[in-house]
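Remarks on the structure that follows.
Residue numbers (the working numbering): 245 to 531.
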C-alpha cells in the first residue's frame with residue numbers, strides 16, 4: 245500500500261483541503277486518461293476511506309487509493325445496474341457511518357452524470373458535500389480526437405445534448421429542429437442507441453445530409469476509436485465499424501479540423517491530411 249501511494253504523482257506544496265469523516269466529495273474523474281484527473285481529485289483519492297466509482301473510471305485511477313474500499317456503482321445502458329436512488333442513499337449511509345467518502349464519476353459529475361441528483365440527496369439528508377469538477381468527454385474526448393469544440397473560423401456556438409432520457413428514449417423535451425437550426429456544432433452524449441432517430445431529426449430540422457460527423461468511442465483511453473462520416477451515413481458507418489458505447493458524437497464542420505489537428509496520429513508519424521481543411525486560405529496570426 246505504501247509503495248502504491250508513493251508511486252502516485254506528487255502534489256505541489258500548498259494547503260490542500262481535508263476530506264473529513266462524514267463528508268462526501270463528489271468528484272469528476274475525467275473521460276478516461278488518468279492524467280486528466282485534477283489535483284483535487286488526486287488529493288481526494290489519497291484520503292478516502294471509501295471510493296464509490298462509475299463504469300467509466302479506469303482501474304489505474306483506483307490504484308491511487310489503495311487504502312480505501314472500492315465499491316462499484318456503474319450504470320451502463322441496457323445492462324443490469326444499481327438504481328440511482330439506491331446509490332444516492334448508500335452515499336448517505338456511508339457518510340452517516342463516519343466514513344470519508346469519495347464518489348468518483350466519469351467525466352464531470354454535473355454533465356449528464358446524475359451528480360446533481362446525488363448531491364441533492366446528500367444535502368437533503370444533512371450530509372456535507374464538496375464538488376470537484378472534471379473534464380467532460382464532450383470536450384476532452386473530442387480534443388483527444390483532434391476536434392476543437394469551438395474554432396473562430398467554424399462556430400460561435402456549441403450545444404451539448406444527451407441522446408436518451410430517464411426512460412431510455414430520445415428526450416421528448418428536446419426540440420431537435422431548433423437545435424439543428426440554432427447550433428453550429430452539436431455534441432451528443434449517449435446517442436448510439438438512437439442514432440438513426442437523432443440523425444433523421446437533425447436532417448429534418450435542416451442539417452445537410454453530407455454534414456461532417458465524428459464518432460469517438462472510449463475517448464482518451466488506449467481503446468479510443470474515431471470514425472469520420474456524414475449525417476446521412478452515420479447509422480450505417482457506425483454499424484460497419486462495429487462501434488459500441490461509450491461514445492461521443494460530434495456534428496458540424498469542427499470535425500473537419502481533425503484533418504490538421506489529429507495530434508495523436510501526428511505523434512505516431514502520420515502527417516496532417518490537409519493544412520487548410522476549411523478551404524479559406526492559411527489563417528493569419530492572431531493579433
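Cβ atoms here follow ideal geometry from the backbone N, Cα and C, with glycine treated the same way.
Handout entry: Exposure of residue 388, with buried meaning 16 or more beta-carbon neighbours within 10 Å
Key = buried
Go to residue 211, then tell me how far its alpha helix (DSSP H) extends in each direction, as first and last residue. Nothing can be reported for residue 211: it is not among the residues displayed for the chain, which extend from 245 to 531.
Given a threshold of 16 other Cβ atoms within 10 Å of its Cβ, counted over all protein chains shown, does residue 303 qualify as buried or as exposed?
-> exposed
Helix or strand or just coil, what does DSSP make of residue 555? Shown here, the chain extends from 245 to 531; a query on residue 555 therefore has no answer.
Buried versus exposed call for residue 502 [16 or more other C-beta atoms within 10 Å across all chains shown] | buried
Q) Using 8 Å as the Cβ pair cut-off and three pairs as the minimum, do the segment 391-404 and the segment 295-312 touch? A) no
Using the three-state DSSP reduction, which class does residue 405 fall into: helix, strand or coil?
strand
Please state the DSSP three-state secondary structure of residue 317.
coil
In three-state DSSP terms, what is residue 349? strand
Checklist entry - residue 383 lies in the alpha helix (DSSP H); which residues open and close that run? => result 381-388
I need the straight-line Cα distance from residue 231 to residue 252, nearest angstrom please. In the structure as shown, the chain begins at 245 and stops at 531. Residue 231 is therefore absent and cannot be evaluated.
(Q) In this structure, how does DSSP classify residue 500 when only helix, strand and coil are distinguished? (A) helix
Q. Is the Cβ-Cβ distance between residue 331 and residue 341 less than 9 Å?
A. no
Subject >> Nearest to residue 463 (by Cα), restricted to the options 373, 263 and 380 >> reply: 380
| field | CA-to-CA distance, residue 522 to residue 528, given in whole angstroms | value | A caution first: residue 528 carries a pLDDT of 48, below 50, which makes its placement in the model unreliable, though a value can still be read off. Using only the alpha carbons, I get a separation of about 14 Å.
CA-to-CA distance, residue 287 to residue 260, given in whole angstroms
7 Å
Review point. Taking just the CA atoms, how far does residue 268 sit from residue 508?
Key: 37 Å
Problem set entry | Complete alpha helix (DSSP H) runs within the segment 411-495 (minimum length 4 residues, chain order) | 420-426, 439-448 and 478-485
Going by beta-carbon coordinates alone, are residue 338 and residue 362 separated by less than 9 Å?
no
Going straight from the alpha carbon of residue 245 to that of residue 368, what length do you get? For residue 245, the predicted model reports a pLDDT of 42, less than 50, meaning its position is unreliable and no value from the coordinates is stated.
**Request:** Would you mind reading off the limits of the beta strand (DSSP E) that contains residue 355?
**Result:** Where residue 355 is concerned, there is no enclosing beta strand (DSSP E), given that its DSSP letter is neither H nor E.
### Task
Determine, using beta carbons only, whether residue 436 and residue 491 come nearer to each other than 9 Å.
yes
Bridge partners - residue 329, DSSP secondary structure assignment:
Partner(s): none; residue 329 has no beta bridge.
Using the Cα positions of residue 405 and residue 517, report the straight-line distance between them to the nearest angstrom.
30 Å
Open item on the list: Can you tell me whether residue 480 is buried or exposed? The criterion is at least 16 other CB atoms within 10 Å of its CB, across all chains shown.
Closed with: exposed
Requested in this report: Pick out whichever of 469, 272 and 505 has its Cα sitting closest to the Cα of residue 353.
Outcome: 272
- Message: In whole angstroms, give me the CA-to-CA distance for residue 467 and residue 487.
- Response: 11 Å
* **Coil, strand or helix - residue 269 by DSSP** => strand
Next item on the list: Quickly, what does DSSP pair residue 395 with across the bridge? List them, please.
Entry: 399
Cutoff 6 Å; reference residue 348; Cβ partners in own chain excluding five residues on either side
271, 273, 295, 297 and 301
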